[in-house]
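In terms of the UniProt record's numbering, the sequence shown has 39 at position 39, counting the first letter as 1, and numbering is strictly consecutive.
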Amino acid sequence: QFEHRTTKQPFIIYNIHIDYPSQEARHHSIPVLLSQIKENDDHNDKVIVTGDFNNWPEEIEGVTPIDELIRLGQKASEIEQMKEAGFIDTYQHGETPTFNGFRAVGYGPKIDFIWISSNSVYRVEGETKVDDYHDGDGFFPSDHFPVYADLIYAQ
1 QFEHRTTKQP FIIYNIHIDY PSQEARHHSI PVLLSQIKEN DDHNDKVIVT
51 GDFNNWPEEI EGVTPIDELI RLGQKASEIE QMKEAGFIDT YQHGETPTFN
101 GFRAVGYGPK IDFIWISSNS VYRVEGETKV DDYHDGDGFF PSDHFPVYAD
151 LIYAQ
């Protein structure tokens, strides 16, 4: 649990990295996350969930058009489970890929998320950003672009 510097209001951050190769692990990831939130008696209005959801469809890069990969990635069961649990994706402005594979252009579905609950005490200020940072030589610090959101305490 954290405390907002100015308002002193508490908030809770959960970070998840969903396994990619194991379908069984993927199947249990969101239910385990949601049960942990409930078990900790964390109030959804103060919960922020971030992480790599690895919501890649089974199609292979280069075989399926990018718009189809994005569409399929957004229908992944992990994404649907978060929505059904009352969480909303803070990035509602298009479907910018967040995976880059150490290349200048991202591809595939957005797989990195920042979620807040629909009854959150926070609201998104401006837009959530996907930052395509790399140094002048084209070096990327990660195979994912950083994702961040400005959240403002709204109560």
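The C-beta atom is built at its ideal place from N, Cα and C for all residues, glycine as well.
Quantities reported herein were computed from a predicted structural model and do not represent experimental measurements.
Buried is the label assigned to residue 122, since at least 16 other Cβ atoms lie within 10 Å of its Cβ.
Residue environment: residue 146 is assigned as exposed (fewer than 16 neighbouring CB atoms within 10 Å of its CB, all protein chains considered).
With at least 16 other beta carbons inside 10 angstroms of its own, residue 78 counts as buried. Secondary structure at residue 77: helix, using DSSP grouped into helix, strand and coil. When the five nearest sequence neighbours on each side are left out, the beta carbons in the same chain lying within less than 7 angstroms of the beta carbon of residue 153 are those of 4, 7, 9, 121, 122, in order along the chain. Residue 111 sits close to residue 52, with the two beta carbons spaced by under 7 angstroms. In this structure, the beta-carbon distance from residue 86 to residue 143 does not fall below 7 angstroms.
For the pair residue 37 and residue 20, the Cα-to-Cα distance works out to about 22 angstroms. Per DSSP, residue 17 is one residue of the beta strand (DSSP E) stretching across 10 to 17.
According to the DSSP assignment, residue 32 belongs to the alpha helix (DSSP H) that extends over 23 to 39. A residue is called buried once 16 or more other Cβ atoms fall within 10 Å of its Cβ, and residue 105, having fewer, is exposed. If you draw a straight line from the Cα of residue 48 to the Cα of residue 138, it comes to about 32 angstroms. Around the beta carbon of residue 124, 16 or more other beta carbons lie within 10 angstroms, which makes this residue buried. Per DSSP, reduced to three states, the secondary structure at residue 3 is strand. Around residue 1, the same chain offers 10, 12 as residues with beta carbons nearer than 6 angstroms, after the five sequence neighbours per side are excluded.
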